[in-house]
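Going down the list, the sequences are from chains A and B.
By full-length UniProt numbering, the letter at position 91 of the first sequence is numbered 91, and the numbering carries on one by one without gaps.
By full-length UniProt numbering, the letter at position 74 of the second sequence is numbered 74, and the numbering carries on one by one without gaps.
Read through the structure below, which is laid out as structure tokens, and then see the notes.
2 protein chains.
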Amino acid sequence: MKMLINVPETVVADALRGIAAAHPELTVDVENRVVVRRDAPVAGKVGLVSGGGSGHEPLHAGFVGPGMLSAACPGEVFTSPVPDQMLRAAAAVDSGAGVLFVVKNYTGDVLNFEMAAELADDEGIQIAQVVVDDDVAVSDSTFTAGRRGTGATLFVEKIAGALADEGAPLERVAAVARRVNGASRSFGVALSAVTTPAKGSPTFDLPTGELELGIGIHGEPGRERRPMMTSGEIADFAVNAVLEDLRPTGPVLALVNGMGATPLLELYGFNAEVHRVLSERGVPVARTLVGNYVTSLDMAGCSVTLCQVDEELLRLWDAPVRTAALRWGG
Amino acid sequence: MKMLINVPETVVADALRGIAAAHPELTVDVENRVVVRRDAPVAGKVGLVSGGGSGHEPLHAGFVGPGMLSAACPGEVFTSPVPDQMLRAAAAVDSGAGVLFVVKNYTGDVLNFEMAAELADDEGIQIAQVVVDDDVAVSDSTFTAGRRGTGATLFVEKIAGALADEGAPLERVAAVARRVNGASRSFGVALSAVTTPAKGSPTFDLPTGELELGIGIHGEPGRERRPMMTSGEIADFAVNAVLEDLRPTGPVLALVNGMGATPLLELYGFNAEVHRVLSERGVPVARTLVGNYVTSLDMAGCSVTLCQVDEELLRLWDAPVRTAALRWGG
């Protein structure tokens, strides 16, 4: 498998140097692997810190900026960052108003953020945490006890980030983050396996002519393999899997997400099918986002995340955001 | 090759339905294949119309909106749109101030836009045209007499779009578009072949362990094949190929573009190497854009486009833009 890299050992550091070169509005500590809003800490504002294994870009560094994350800590590819990174990030963004850790539900991430929270507490930084666990495909999986955290992370970071920018206190920012996670569900599909730089060959074997329903963002196994399906059939399966669990009673935000190697032309076609299913099921869609946001390196495939919103959540979703990957308003 | 599609015949129409569902700020004529700013025609404003074969998304429909294109006409995958689409687009966006056609230099596109210009003239719509031909890899290629039009299209559409939004007359908008094209050069590299929905298998054969230097965005042959190179070696080759031809005497805009299937993590790492080479060559970089903007379906690889800018071009680049794929300011 050919990759656009120097050597596997420097992939994350190289990317951080590239982020620094492209984004003068971010402070990038390449050695310690922390990406911070240049204007942090913002007086009186709750800080938002997230992080996780690399390989899911633009998540999380692409979501650092006004209206969303204050800082991100990238780990090695598909490997949790260490508590020291999270502590550095928290210290860099804490204005005294406290810091919310947004944690995807993978065992390593949960343990390391927990340890970082204790270390931060020792340093007098007030920490709250939200664990994102939106993937309905399987309960318990490789690296995870309970449900995996995937696409809802984007909704949590955007909406909690908007509330933090309004000056809300830590407990309210944490509460809205938990509310968004509770109102969100995801389901993902792989059309091809993923190859990590360290391994250099696909991490699992997906036979020609088959797809995997319910895949995780590290290539963790899903619910089942089937002969290849059409875009419409995949939308039926994925959206119905989400709706069975979410049972929305009002409008939703829809994230139609690419896993990395699926062309945008195909993602938009898939979005048409997602909207068809939602319309058939009587679910109104308030906003739709289509693109590669929570990826799995070079995996082909897609995921659907729905988040039921009320007026407050929709207002916070629409609030201005200025990051590398998500940007609108103001 | 597995694709997220229904059937090859409906790929473009399906994508247009998906664009319509995701972007209420656009008017999408699925049947006639025209995507238009919802507020077009804008009184007194020159219209900007572009188009070309599908498979390069977000180009061009993702660049329709305030500050950039007024309309886009997508053809079949890797196939020019027809003059009727261009004429419809021109008629939809013309406020009486005329319309600029932004044409990538492929024989079919050039001929069809030329014919559309004649038809529009018959209907009393004043048309100017700019042909984008920035790819230094080869002169003459499959589908092209002269140089191919690639990444510079984004710079032309953004900068001319900003000037049009300021109310400049057609001849000035056309002149700045030509100036941007003249100041821009690109070079692309393929790490894997591209598969079109209609063919269903790779359109060319790229052996394991080799890459193609100077590839076109339809998989047209480049300059040469070599054993796989590192990200740093590729940056040296690509940037130097551009600089040999451009010989900039001032700051540049840099587009570090993914061909579709190369992870953003790798693109950012490559961007670090592009900046290293530019720094070694003494070329200051005013702005950098990293991501999948001018793609080739599922091809792995990247391209570098540089555009030398003066104060006016940089001001227009920085001006607010509000499209699906490019969005900042205001």
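C-beta: ideal position from N, C-alpha, C; glycine also.
Buried or exposed by the 16-neighbour rule on C-beta atoms within 10 Å, applied to residue i
{"i": "residue 199 of chain B", "result": "exposed"}
{"i": "residue 44 of chain A", "result": "exposed"}
{"i": "residue 332 of chain A", "result": "With chain A represented from 1 up to 330, any question about residue 332 of chain A goes unanswered, as that position is not in the structure."}
{"i": "residue 145 of chain B", "result": "exposed"}
{"i": "residue 231 of chain A", "result": "buried"}
{"i": "residue 205 of chain A", "result": "exposed"}
{"i": "residue 282 of chain B", "result": "exposed"}
{"i": "residue 87 of chain A", "result": "buried"}
{"i": "residue 132 of chain A", "result": "buried"}
{"i": "residue 14 of chain B", "result": "buried"}
{"i": "residue 298 of chain A", "result": "buried"}
{"i": "residue 24 of chain B", "result": "exposed"}
{"i": "residue 140 of chain A", "result": "exposed"}
{"i": "residue 77 of chain A", "result": "buried"}
{"i": "residue 295 of chain A", "result": "buried"}
{"i": "residue 94 of chain A", "result": "buried"}
{"i": "residue 312 of chain A", "result": "exposed"}
{"i": "residue 79 of chain B", "result": "buried"}
{"i": "residue 252 of chain A", "result": "buried"}
{"i": "residue 153 of chain A", "result": "buried"}
{"i": "residue 39 of chain B", "result": "exposed"}
{"i": "residue 157 of chain A", "result": "buried"}
{"i": "residue 134 of chain A", "result": "buried"}
For residue i, three-class secondary structure by DSSP
{"i": "residue 239 of chain A", "result": "helix"}
{"i": "residue 199 of chain A", "result": "coil"}
{"i": "residue 299 of chain B", "result": "strand"}
{"i": "residue 35 of chain A", "result": "strand"}
{"i": "residue 217 of chain B", "result": "coil"}
{"i": "residue 10 of chain B", "result": "helix"}
{"i": "residue 206 of chain A", "result": "coil"}
{"i": "residue 292 of chain B", "result": "coil"}
{"i": "residue 134 of chain A", "result": "coil"}
{"i": "residue 271 of chain A", "result": "helix"}
{"i": "residue 184 of chain B", "result": "strand"}
{"i": "residue 101 of chain A", "result": "strand"}
{"i": "residue 121 of chain A", "result": "helix"}
{"i": "residue 140 of chain B", "result": "coil"}
{"i": "residue 244 of chain B", "result": "helix"}
{"i": "residue 16 of chain B", "result": "helix"}
{"i": "residue 277 of chain B", "result": "helix"}
{"i": "residue 127 of chain A", "result": "strand"}
{"i": "residue 226 of chain A", "result": "strand"}
{"i": "residue 50 of chain B", "result": "strand"}
{"i": "residue 40 of chain A", "result": "coil"}
{"i": "residue 306 of chain A", "result": "strand"}
Contact check, residue i vs residue j, beta carbons under 8 Å
{"i": "residue 5 of chain A", "j": "residue 11 of chain A", "result": "yes"}
{"i": "residue 187 of chain B", "j": "residue 238 of chain B", "result": "yes"}
{"i": "residue 162 of chain B", "j": "residue 59 of chain B", "result": "no"}
{"i": "residue 271 of chain A", "j": "residue 22 of chain B", "result": "yes"}
{"i": "residue 64 of chain A", "j": "residue 100 of chain A", "result": "no"}
{"i": "residue 176 of chain B", "j": "residue 159 of chain B", "result": "yes"}
{"i": "residue 110 of chain A", "j": "residue 103 of chain A", "result": "yes"}
{"i": "residue 83 of chain A", "j": "residue 74 of chain A", "result": "no"}
{"i": "residue 192 of chain B", "j": "residue 261 of chain B", "result": "yes"}
{"i": "residue 212 of chain A", "j": "residue 222 of chain A", "result": "yes"}
{"i": "residue 302 of chain B", "j": "residue 258 of chain B", "result": "yes"}
{"i": "residue 55 of chain B", "j": "residue 196 of chain B", "result": "yes"}
{"i": "residue 106 of chain B", "j": "residue 143 of chain B", "result": "yes"}
{"i": "residue 219 of chain A", "j": "residue 203 of chain A", "result": "yes"}
{"i": "residue 314 of chain A", "j": "residue 286 of chain A", "result": "yes"}
{"i": "residue 37 of chain B", "j": "residue 61 of chain B", "result": "no"}
{"i": "residue 117 of chain B", "j": "residue 170 of chain B", "result": "no"}
The ligand FAD heavy atom lying under 7 Å from the CB of residue i
{"i": "residue 292 of chain A", "result": "Absent from the structure shown: the ligand FAD. Ligands present: none."}
Proximal residues, the region 42-64 of chain B versus chain A, C-beta separation under 8 Å:
Per Cβ criterion, the list reads 54, 55, 57, 58 and 62.
Relative to chain B, which residues along the region 252-271 of chain A have a C-beta separation below 8 Å, given in chain order?
Among the residues of the region 252-271 of chain A, those with a Cβ less than 8 Å away from any Cβ of chain B are 256, 260, 261, 262, 263, 264, 265, 266, 267, 268, 269, 270 and 271, in the order of the chain.
Using a Cβ-Cβ cut-off of less than 7 Å, list which residues of the region 2-13 of chain A approach chain B; keep chain order.
Under the 7 Å Cβ criterion, the region 2-13 of chain A contributes 2, 3, 4, 5, 6 and 11.
Name the residues in the region 184-209 of chain A whose C-beta lies less than 9 Å from a C-beta of chain B; which are they?
Legend: CB atoms of the region 184-209 of chain A lying less than 9 Å from CB atoms of chain B belong to residues 189, 191, 192, 197, 206, 208 and 209.
Listed from N- to C-terminal order along the chain, which residues in the region 221-238 of chain A have their beta-carbon within a distance smaller than 8 Å of any beta-carbon of chain B?
Close to chain B, meaning a Cβ-Cβ distance shorter than 8 Å, are the following residues of the region 221-238 of chain A: 228, 230, 231, 232 and 234.
For the region 297-310 of chain B, which residues have a CB atom closer than 8 Å to at least one CB atom of chain A, in sequence order?
The region 297-310 of chain B vs chain A, Cβ under 8 Å: 297, 298, 300, 301 and 302.
In the region 14-32 of chain B, which residues sit with their C-beta less than 7 Å from some C-beta in chain A, listed in chain order?
Taking 7 Å as the Cβ-Cβ cut-off against chain A, the residues of the region 14-32 of chain B that qualify are 14, 15, 17, 18, 19, 21 and 22.
Residue ranges of each alpha helix (DSSP H) within the region 148-180 of chain A, 4 or longer
List check, alpha helix (DSSP H) in window: 152-165.
Chain B contacts made by the region 277-291 of chain A, where a contact means CB separation under 7 Å
Here the close residues are 288 and 290.
Any chance you could list the alpha helix (DSSP H) runs of at least 4 consecutive residues sitting entirely within the region 52-109 of chain A, in chain order?
The qualifying runs are 83-93.
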